[in-house]
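Residue numbers (the numbering used here), protein chains in the order written: chain U, 50 to 226; chain C, 212 to 623.
Where a beta carbon is used, it is the ideal one built from N, C-alpha and C, also for glycine.
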């Protein structure tokens, strides 16, 4: 774990300097790049507060577990699979640490079948992610769940791999929605 | 057999007949006298209406000039194979309008069995033709025709959604609403004057009621979470809706003006797609309370829900026939989504289509055909199938996806 912390802080610095690929978000504007001492980054001992994995900056770090924002679901299902517990745990810790941050959870469904049922299915998926986060200690006031149904597919092809990508809950933070 | 209607715009629906009824009555529609001067749309619209219904076979009328006052040569028509014959005329009136007159003859009984005189403007030629086709259809089949009714549907082109209203034959499409965000679930009020629908224009699903004549609209449900699946009560005063304000999708009743919200049913899972039975006694809906999405019904006045569909793991979108005897729905079988119909008395189910991505079935007001959305060549099209599965039509718009059809009621 400690081994990964230094590279994260380096990449964080690079992102704050404007090389990020995340969606534009207000809090990235004018971040305190000038305050950082390049030498300190290069030589900083691991495990200090400047490498906190749940600092705000971690949100923009492609190597942070927080960069993963999607929970994928089985056909007709709104059960969060155990493999996503670790990811949800990271997001729960981030939200606990950053009480001012809010999360919008968007539930999606693949294009097949009834649009209205898919809208409800998307809502259930978003709710399932919300409940899982609350079980991990996140305050309900920080969370909002909505459904996009099958209306905003991430992948447009008619194939199982594409449909699987669309059966999804996305976690968006303040400034991203 | 191809009966394409002339396209005047990109948004025009064109209709292709892909199957026809087994027993079709042979009928001849002669060219109406005088229509060459005004518009030849009159008889061509009547002919294609009747042919599209799958219940008539058009007999070539030849070139013998006839009008509604010409005595038919019954033996000649019988020898051509026509059981029925229609003849008429179109003439100008002193006030600049037109009068269309027609008579319908039975060549077996050798007599006139119906007639009509209609005064109309040049813009109403198609409407007049639909009225005549309705008269012929009703006289010869004993059922009301649907040629004068309208359909609503959503056209999606690049970044644009339009709620359109067209004649039942796809002509005369008009846009009621255009938006950059999705529009789904249009539902006609029982009097045909309004459409309730779900619009995402405010970045979340909200239910609107839209008056077609004035274009004025109001919000019928905008609660926390999503608001969707509006269904009119037969009295036109209330809507059954689906809200997530208390968690997952649940059924509520709301007055059409947005007031007086009450809970209709409670379940731990998803309840959605409510639809009133024509007598207003029951709400049919989709629920996954039994572990998979199935159709249930529940008395509106209160009482336990009963499961209606049992075969398969996915039966959704219940739609009652106007007489309340048949239930159309979408069933999934081996990854294919197809329109099926259940005879509610016998619980017999018949799958009606051979397509794979059917959605949104909607009965014609005479209960004879079911309009639905499907996909052909990767593109959304509308299709219609008769309740016996024999007659099939396809309606498509060039270079756009068409979806979410709803067949309007009989005009009052």
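request  = Confirm, please, whether the CB-CB distance from residue 511 (chain C) to residue 484 (chain C) is below 8 Å.
outcome  = By 1-based counting over the second chain, the position of residue 484 (chain C) is 273. By 1-based counting over the second chain, the position of residue 511 (chain C) is 300. Taking a C-beta distance under 8 Å as the contact criterion, residue 484 (chain C) and residue 511 (chain C) do not qualify as a contact pair.
inquiry  = Given a cut-off of 8 Å on the beta-carbon distance, is the pair residue 197 (chain U) and residue 481 (chain C) in contact?
reply    = Taking the first chain and counting its residues from 1, the one referred to as residue 197 (chain U) is at position 148. Taking the second chain and counting its residues from 1, the one referred to as residue 481 (chain C) is at position 270. For the pair residue 197 (chain U) and residue 481 (chain C), the CB atoms are not nearer than the 8 Å cut-off.
request  = Have a look at C:408, C:332 and C:311 and flag the residue whose alpha-carbon is nearest the alpha-carbon of residue 423 (chain C).
outcome  = Numbered from 1 along the second chain, position 212 holds the residue referred to as residue 423 (chain C). Answer by Cα proximity: C:408.
Any chain C beta carbon closer than 8 Å to residue 195 (chain U) = On the first chain, residue 195 (chain U) is found 146 positions in, with the first residue counted as 1. So, interface residue.
inquiry  = Using 8 Å as the cut-off, can you tell me whether the region 371-378 of chain C makes contact with the region 580-592 of chain C, which would need three or more C-beta pairs spanning the two stretches below that distance?
reply    = The region 580-592 of chain C and the region 371-378 of chain C do not touch, with fewer than three beta-carbon pairs separated by less than 8 Å.
request  = Report the residues of the region 404-425 of chain C with a CB closer than 7 Å to any CB of chain U, ordered along the chain.
outcome  = Correct list: 411, 415 and 416.
query = Mind listing which residues of the region 426-450 of chain C have their C-beta closer than 8 Å to chain U's C-betas, in chain order?
reply = Cβ contacts with chain U come from 436, 437, 439 and 440.
request  = Write down every uninterrupted run of the beta strand (DSSP E) in the region 437-478 of chain C whose length is 3 residues or greater and which is fully enclosed by it, in chain order.
outcome  = Counting whole runs of 3 or more residues, the region 437-478 of chain C contains the beta strand (DSSP E) stretches 438-443, 449-454 and 461-466.
query = In terms of residue numbering, what span does the beta strand (DSSP E) encompassing residue 166 (chain U) cover?
reply = Here residue 166 (chain U) is taken as the residue at index 117 of the first chain, counted from 1. Per DSSP, residue 166 (chain U) lies in no beta strand (DSSP E) segment; the continuous alpha helix (DSSP H) that holds it begins and ends at 164-184.
key: Same chain, Cβ closer than 8 Å to residue 147 (chain U), neighbours up to 5 away in sequence not counted   = Indexing the first chain from 1 puts residue 147 (chain U) at position 98. A distance below 8 Å between beta-carbons, with the five flanking residues on each side excluded, links residue 147 (chain U) to the following residues of its chain, in chain order: 103 and 105.
ask   = Looking at residue 178 (chain U) and residue 128 (chain U), is the spacing between their C-beta atoms short of 8 Å?
value = Against the first chain, residue 128 (chain U) aligns to sequence position 79. Against the first chain, residue 178 (chain U) aligns to sequence position 129. No, Cβ-Cβ distance for residue 128 (chain U) and residue 178 (chain U) is not below 8 Å.
ask   = Since residue 173 (chain U) meets chain C, which of its residues come closer than 7 Å, beta carbon to beta carbon?
value = Translated into positions along the first chain, residue 173 (chain U) becomes position 124. In chain order: 459 and 481.
ask   = So, is residue 576 (chain C) buried or exposed, given that buried needs 16 or more other C-beta atoms within 10 angstroms?
value = The sequence position of residue 576 (chain C) within the second chain is 365, counting from 1. Looking at its Cβ environment, which holds 16 or more other Cβ atoms inside 10 Å, residue 576 (chain C) is buried.
task = Please confirm if the region 393-400 of chain C is in contact with the region 436-448 of chain C, defined as three or more CB-CB distances below 8 Å between the two stretches.
result = Yes, the region 393-400 of chain C touches the region 436-448 of chain C.
task = Could you check how far apart the C-beta atoms of residue 236 (chain C) and residue 351 (chain C) are, in whole angstroms? I think they sit under 8 Å.
result = For this step, residue 236 (chain C) is matched to residue 25 along the second chain. For this step, residue 351 (chain C) is matched to residue 140 along the second chain. At roughly 6 Å, the Cβ-Cβ gap stays under 8 Å, so residue 236 (chain C) and residue 351 (chain C) are in contact.
ask   = Of the choices C:410, C:426, C:293 and C:429, whose alpha-carbon is the least far from that of residue 615 (chain C)?
value = The sequence position of residue 615 (chain C) within the second chain is 404, counting from 1. Checked all of C:410, C:426, C:293 and C:429; the closest Cα to residue 615 (chain C) is C:410.
message = Between C:316, C:416 and C:475, which has its C-alpha nearest residue 201 (chain U)'s C-alpha?
response = For the purposes of this step, residue 201 (chain U) is identified with residue 152 of the first chain, where counting begins at 1. In this structure, C:416 is the residue among C:316, C:416 and C:475 with its C-alpha nearest to the C-alpha of residue 201 (chain U).
ask   = What is the C-beta distance between residue 625 (chain C) and residue 454 (chain C), in whole angstroms, given that I count them as a contact (C-beta under 8 Å)?
value = Residue coverage of chain C in this structure runs from 212 to 623, which leaves residue 625 (chain C) outside it and unanswerable.
query = Which residues, in order along the region 135-166 of chain U, keep a beta-carbon less than 9 Å from a beta-carbon of chain C?
reply = For the region 135-166 of chain U, the set of residues with a beta-carbon nearer than 9 Å to any beta-carbon of chain C comprises 160, 161, 162, 163, 164, 165 and 166, in chain order.
request  = Could you tell me whether the region 320-327 of chain C touches the region 346-361 of chain C, where touching means 3 or more Cβ pairs closer than 8 Å?
outcome  = Counting Cβ pairs under 8 Å, three or more are found: they touch.
ask   = Are the region 238-255 of chain C and the region 211-222 of chain U touching, with three or more C-beta to C-beta distances below 8 Å?
value = By the Cβ test, the region 238-255 of chain C is not in contact with the region 211-222 of chain U, since fewer than three Cβ pairs between them sit closer than 8 Å.
request  = In angstroms with no decimal places, state the Cα-to-Cα distance between residue 257 (chain C) and residue 503 (chain C).
outcome  = The sequence position of residue 257 (chain C) within the second chain is 46, counting from 1. The sequence position of residue 503 (chain C) within the second chain is 292, counting from 1. The straight-line gap from Cα to Cα measures roughly 46 Å.
Alpha-carbon spacing of residue 124 (chain U) relative to residue 446 (chain C), whole angstroms = Sequence index remark: in the first chain, residue 124 (chain U) carries index 75 (1-based). Sequence index remark: in the second chain, residue 446 (chain C) carries index 235 (1-based). Looking at the backbone, the Cα of residue 124 (chain U) and that of residue 446 (chain C) are separated by about 38 Å.
query = Hey, out of C:312, C:292 and C:602, whose CA is closest to residue 298 (chain C)'s CA?
reply = In the second chain, the residue the question calls residue 298 (chain C) occupies position 87. The shortest C-alpha separation from residue 298 (chain C) is found at C:312.
ask   = If you draw a straight line from the C-alpha of residue 214 (chain C) to the C-alpha of residue 381 (chain C), how long is it?
value = One-based indexing of the second chain puts residue 214 (chain C) at position 3. One-based indexing of the second chain puts residue 381 (chain C) at position 170. Below a pLDDT of 50, predicted positions are generally treated as unreliable, and residue 214 (chain C), at 31, falls in that range; the measurement from the model is reported next regardless. Spanning the two alpha carbons is a distance of roughly 12 Å.
message = Please report whether the beta-carbon of residue 525 (chain C) lies at a distance below 8 Å from any beta-carbon of chain U.
response = Residue numbering aside, residue 525 (chain C) sits at position 314 when the second chain is read from its first letter. Closer than 8 Å to some Cβ of chain U, the Cβ of residue 525 (chain C) qualifies, so yes.
message = Rounding to the nearest angstrom, what Cα-Cα distance links residue 620 (chain C) and residue 487 (chain C) in this structure?
response = Within the second chain, numbered from 1, the residue matching residue 620 (chain C) stands at position 409. Within the second chain, numbered from 1, the residue matching residue 487 (chain C) stands at position 276. Distance between the alpha carbons of residue 620 (chain C) and residue 487 (chain C) is about 15 Å.
inquiry  = Distance cutoff 8 Å, beta carbons only. Does residue 213 (chain U) sit that close to anything in chain C?
reply    = As a first step, residue 213 (chain U) must be located in the first chain, where it is residue number 164. Residue 213 (chain U) does not count as touching chain C.
query = residue 469 (chain C) and residue 429 (chain C) look like a contact to me (Cβ under 8 Å); what is the Cβ gap, rounded to whole Å?
reply = Residue numbering aside, residue 469 (chain C) sits at position 258 when the second chain is read from its first letter. Residue numbering aside, residue 429 (chain C) sits at position 218 when the second chain is read from its first letter. Indeed they touch by this definition, with Cβ atoms about 7 Å apart.
request  = Note the first and the last residue of the continuous beta strand (DSSP E) segment covering residue 309 (chain C).
outcome  = In the second chain, residue 309 (chain C) corresponds to position 98, counting from 1. 309-317 is the extent of the beta strand (DSSP E) around residue 309 (chain C).
request  = Would you decide whether residue 360 (chain C) is buried or exposed? Buried here means 16 or more other CB atoms lie within 10 Å of its CB.
outcome  = The sequence position of residue 360 (chain C) within the second chain is 149, counting from 1. Classification for residue 360 (chain C): buried.
ask   = Between the beta-carbon of residue 151 (chain U) and the beta-carbon of residue 191 (chain U), is there less than 8 Å?
value = Looking up residue 151 (chain U) in the first chain gives position 102. Looking up residue 191 (chain U) in the first chain gives position 142. Contact check for residue 151 (chain U) against residue 191 (chain U) passes: the beta carbons are separated by less than 8 Å.
Nearest candidate by alpha-carbon position, reference residue 581 (chain C), set C:243, C:309, C:609 and C:532 = Your numbering for residue 581 (chain C) matches position 370 in the second chain. Looking from the CA of residue 581 (chain C), the closest CA among C:243, C:309, C:609 and C:532 belongs to C:532.
task = Taking residue 453 (chain C) as the query, report the chain U residues whose CB atoms sit under 9 Å from its CB, ordered along the chain.
result = As a working note, residue 453 (chain C) is residue 242 in the second chain. Ordered by position in chain U, the residues that pass the 9 Å Cβ test against residue 453 (chain C) are 165, 168 and 169.
Contact with chain U by residue 543 (chain C), beta-carbon distance below 8 Å = For this step, residue 543 (chain C) is matched to residue 332 along the second chain. It does; some Cβ of chain U falls within 8 Å.
ask   = How would you list, in chain order, the residues of chain U whose beta-carbon sits under 7 Å from the beta-carbon of residue 496 (chain C)?
value = What you label residue 496 (chain C) is simply residue 285 of the second chain in a count that begins at 1. The CB of residue 496 (chain C) never comes closer than 7 Å to any CB in chain U; the least such distance is about 10 Å.
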